[in-house]
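Here is the structure we will look at, set down as structure tokens.
Protein chains: 2
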Amino acid sequence: MPAQSSPKLGVLGGMGPLATVDFLAKLVAATPASRDEEHIPVVVWSVPQIPERVPAIAGDGPSPLPAMLEGLCALRDCGATLAAIACNTAHHWHHALAEASGLTLLHIAEAAGEALAARVAPGSRVSVLATRGTHQAGFYGPRLARHRLEPLPFDPDLQARSLDPAIRAVKAGHLDAARAHAREALARERGRGAQAVLLACTELPLAFAGLDSHGLAVVDATEALAQACVRHWRKDPPSAGPGTPPGGERG
Amino acid sequence: MPAQSSPKLGVLGGMGPLATVDFLAKLVAATPASRDEEHIPVVVWSVPQIPERVPAIAGDGPSPLPAMLEGLCALRDCGATLAAIACNTAHHWHHALAEASGLTLLHIAEAAGEALAARVAPGSRVSVLATRGTHQAGFYGPRLARHRLEPLPFDPDLQARSLDPAIRAVKAGHLDAARAHAREALARERGRGAQAVLLACTELPLAFAGLDSHGLAVVDATEALAQACVRHWRKDPPSAGPGTPPGGERG
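In the order they appear, the protein sequences are chains A and B.
The opening residue of the first sequence carries number 0 in numbering that gives the first Met the number 0; numbering runs sequentially from there.
The opening residue of the second sequence carries number 0 in numbering that gives the first Met the number 0; numbering runs sequentially from there.
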């Protein structure tokens, strides 16, 4: 791509493909626009042939970092100045990816923490529903603590019985099965005294869509990231982004 | 991007953004996959800041060809070998885009014609619901004739009263309003003796989703294109695609 390509939002996806589509749908929905041209220009790298994130975080498999960096650099070469990753677990490598790509790379846990803080009072107990990798990586803890939110302790039984199967079911396109697991998870977390549930894996909003939360606040990290992208894009003129050379114009 | 980037499906979208998401969702749904890695690697250029297609076809505005070609070339540089355009009207420039990009560029009207032929008998009367630009461009006619399908004549009143407003409403995110126009269009085309309705504008499936067609066969060109992408990707080993140098491997 020519270096003077117009600024865009880059989306690193593919982890998984349906979750990426869900993020893009939420990006369109979050954008105040009445015509095509008012929407954010977006380039998407949705390449699911990438080492799995959860085993890599557990030290049990190859790192997905080179493949993710390849994607972000390709997006940057397409003109992306601002970027987002449509996968929570992948944020384990957020710092390295932002450093190496030079992109303004939003963080899904920052966005989700802010969205939670806007919905529930400080001191609220939050059930963080995520992959084992996201729990192990630990990047949600400090971002909830900043808003004085209290994550419930990790529950290995909930993970094995409801969340891992729900995530797998979404990746296999079995949304009805995923929904049944999601319903179990909601009941269990209500029983543990949660006041809010954070869907901190991009597969989970697809499993939880349309479920009755029986009064629990349910915050969708995917939606929070999409809204953060729109806020950032509108606030910070993208022509000043790091990927655009001075005087860069639409090719 | 390095020239040895692994083969991908390129999607030229942004015309409009929600229609692009709908195409991507249909691509995921059309793919037989139980795990992320079994999905097609995709790169998407969804940049809606592009001259409008309908006025350009009417000779009343700048050509979108350079901007579309910029997108396709960027997708090619990201490793796309096979590509699709998530917009019917844009297929007015299909031949020029395929020639200039060197990509294997599927044609939405080919895919839709085949999908129609699989649903209705030769000789069936088909209502082609599309933009004025698609009607004017005329690329659906020969592709329906090949299957001995008979398009109903263009109805300017239907276009002005139902289809143009439905398309505009989807682009503005007003799906309820779009649905009301879609319902009117279905009733009118039934009254004109249609045996099938072809949704030949990528906004229209969003307007027609969930409507009762009262026995009319409704064929969705977006879905047909997504299915054609999956068939082509699986049939034709992408490593032999035009964008991949001999011996090219994942970078």
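Here a beta-carbon is modelled for each residue, glycine too, at the ideal position from N, C-alpha and C.
The structure displayed is predicted, hence computed values, not measured ones.
Go ahead and pull the three-state DSSP assignment for A:Ile255.
-> With chain A covering 0 to 250 only, the question about residue 255 of chain A has no answer from this structure.
Please specify which runs of the beta strand (DSSP E), each continuous and at least 3 residues long, are wholly inside the region 23-98 of chain A, giving them in chain order.
-> With a minimum length of 3 residues, the continuous beta strand (DSSP E) runs that stay inside the region 23-98 of chain A are 41-45, 79-84.
Using three-state DSSP, classify B:Met0 as helix, strand or coil.
-> Along the second sequence, one-based indexing puts residue 0 of chain B at 1. Reliability of the predicted coordinates at B:Met0 is poor, the pLDDT of 43 falling under 50, and the value obtained from them is presented with this limitation in mind. DSSP places B:Met0 in coil when its eight states are reduced to three.
8 Å Cβ cutoff met for B:His231 and B:Leu105 = For this step, residue 231 of chain B is matched to residue 232 along the second sequence. For this step, residue 105 of chain B is matched to residue 106 along the second sequence. Contact: yes.
Contacting residues, own chain, Cβ-Cβ under 8 Å from A:Pro241 (five flanking each side not counted) = What you label residue 241 of chain A is simply residue 242 of the first sequence in a count that begins at 1. Its pLDDT being 39, under 50, A:Pro241 is placed unreliably in this model, and the value from its coordinates should be taken loosely. Taken in chain order, the residues that qualify are Thr80, Gly101, Leu102, Thr103.
Kindly indicate if chain A contains any beta-carbon less than 8 Å away from that of B:Cys77.
-> Numbered from its first residue, the second sequence carries residue 77 of chain B at position 78. For B:Cys77, the answer is yes, since a Cβ of chain A falls inside 8 Å of its Cβ.
Provide the residue(s) that pair with A:Val127 in DSSP beta bridges, ordered along the chain.
-> Start at 1 with the first residue of the first sequence, and residue 127 of chain A comes out as number 128. The partner list for A:Val127 (beta bridge, DSSP) reads A:Leu197.
For A:Val125 and A:Leu148, believed in contact at Cβ under 8 Å, the rounded distance = In the first sequence, the residue the question calls residue 148 of chain A occupies position 149. In the first sequence, the residue the question calls residue 125 of chain A occupies position 126. Here A:Leu148 really is in contact with A:Val125; their C-beta atoms are around 5 Å apart, less than 8 Å.
Classify A:Pro16 as helix, strand or coil using the three-state DSSP reduction.
-> Your numbering for residue 16 of chain A matches position 17 in the first sequence. Looking at A:Pro16 - three-state DSSP - the assignment turns out to be helix.
Helix, strand or coil at B:Ala216 [DSSP, three-state] | Position 217 of the second sequence holds residue 216 of chain B. Of the three classes helix, strand and coil, the one that applies to B:Ala216 here is strand, per DSSP.
For B:Thr201, the nearest candidate out of B:Arg189, B:Ala89, B:Leu96, B:Gly122 (CA to CA) = The residue labelled residue 201 of chain B in the question sits at position 202 within the second sequence. Considering only alpha carbons, the answer is B:Ala89.
Helix, strand or coil: how does DSSP classify A:Val10 here?
-> The residue you call residue 10 of chain A lines up with position 11 of the first sequence. Strand.
Expressed to the nearest angstrom, what Euclidean distance is found between the alpha-carbon atoms of A:Glu69 and A:Cys228?
-> Here residue 69 of chain A refers to the residue found at position 70 when the first sequence is read from its first residue. Here residue 228 of chain A refers to the residue found at position 229 when the first sequence is read from its first residue. So the alpha carbons of these two residues sit roughly 21 Å apart.
From this set, B:Val41, B:Gly9, B:Ala32, B:Ala199, which residue's C-alpha is nearest B:Gly140's C-alpha?
-> Taking the second sequence and counting its residues from 1, one reaches residue 140 of chain B at position 141. With distances taken between Cα atoms, B:Gly140 lies closest to B:Ala199.
In chain A, what lies closer than 9 Å to B:Met14 by C-beta?
-> One-based indexing of the second sequence puts residue 14 of chain B at position 15. Ordered by position in chain A, the residues that pass the 9 Å Cβ test against B:Met14 are Asp35.
CA nearest to the CA of B:Leu205, picked from B:Ser4, B:Gly15, B:Val10 = Translated into the one-based positions of the second sequence, residue 205 of chain B becomes position 206. Looking from the CA of B:Leu205, the closest CA among B:Ser4, B:Gly15, B:Val10 belongs to B:Gly15.
What's the call for A:Gly9, buried or exposed, on a 16-neighbour Cβ count within 10 Å?
-> Residue numbering aside, residue 9 of chain A sits at position 10 when the first sequence is read from its first letter. So A:Gly9 counts as buried.
As assigned by DSSP and simplified to three states, the class of A:Glu149 = Numbered from its first residue, the first sequence carries residue 149 of chain A at position 150. For A:Glu149, the three-state secondary structure derived from DSSP is strand.
Skipping 5 residues on each side, what residues in its chain have a beta carbon closer than 8 Å to that of B:Ala181?
-> The residue given as residue 181 of chain B occupies position 182 in the second sequence. Taken in chain order, the residues that qualify are Ser161, Ala165, Leu203, Ala206, Phe207, Leu210.
Do B:Ala111 and B:Val20 have their CB atoms nearer than 8 Å?
-> One-based indexing of the second sequence puts residue 111 of chain B at position 112. One-based indexing of the second sequence puts residue 20 of chain B at position 21. Contact flag unset, no.
Residues of chain A with a CB under 7 Å from the CB of B:Leu23: which are they?
-> Position 24 of the second sequence, counted from the first residue, corresponds to residue 23 of chain B. Contacts between B:Leu23 and chain A, judged by CB atoms closer than 7 Å, involve Val20, Leu23 in chain order.
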